[in-house]
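Just add 179 to wherever you are in the sequence shown, counting from 1, and you've got the working numbering. Where is the CB? At the ideal position from N, CA and C, for every residue including glycine. Have a look at the structure below before the remarks.
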Amino acid sequence: MITGNSWMHAGLEVRNSSSKGKGVFAKEKITQGERLAIFGGSVMTFDELNNLPEHMQSHPMQIEERFVFGCKSTTPEDTDYFNHSCDPNAGFHGQIFLVAMRDIQKDEEISFDYAMVISESVGNDIDLDVDMDCHCEAMNCRKRITEKDWRIPQLREKYKEYFSEYIKQKILYETKVP
Ligand SMILES: [Zn+2]
């Protein structure tokens, strides 16, 4: 199912999620490993993103320290509505594929952990530090989401194969350098 620049599994749909505005939900049972979404968009540096009007800056996906994918549009796409959870059921393969980390039941909300894609960003004259409260209601909620969360040892262990590829490479590099 193509949605703007992206693709979303036909068994998913955007619904109102009581506590978090909109979210993406399963219309049917999803099996572990199934591809849930492929994110597309325009590649932008953080500086370019920052220069867009504010209403066009929503839901960018970080793909590297300097770059994001964004939709450069005032019309959000269905794939913009995946919410964060500290106890997610979806993770990344590569940079742009979202996959089911486990079997997902009908009517469950699909979520990933921002720690899987967000790291310290680099720009010329901008300060886009990610530091926000979390109200995901998971038992293990961290209460605070930051761009440094990918460094948390327990998360590295938990999301090993589900980090976005560029973060996987950062982790690999760090563990190689003495
Ligand atoms: Zn949380």
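Neighbourhood of Thr210 by C-beta distance below 7 Å, restricted to the same chain and skipping five residues each side: Ala279, Asp282
Cys250 beta carbon near ligand 1 (any heavy atom closer than 7 Å): no
Touching or not, the stretch 286 to 304 and the stretch 341 to 352, by the rule of three or more beta carbon pairs under 8 Å? yes
Across the stretch 240 to 249 and the stretch 186 to 201, are there enough close Cβ pairs to call them in contact, namely three or more that are closer than 8 Å? no
Output the distance between the C-alpha atoms of Ser185 and Thr354, rounded to the nearest integer angstrom. 34 Å
Rounded to a whole number of angstroms, what is the C-alpha to C-alpha distance between Cys320 and Asp312? 10 Å
Compare the beta carbon distance of Ile275 and Ile217 with 8 Å and say whether it is the shorter of the two. yes
Below 8 Å between beta carbons: does that hold for Met318 and Asp266? yes
If Glu287 and Phe204 are in contact, beta carbons under 8 Å, what's the gap, nearest whole angstrom? 7 Å
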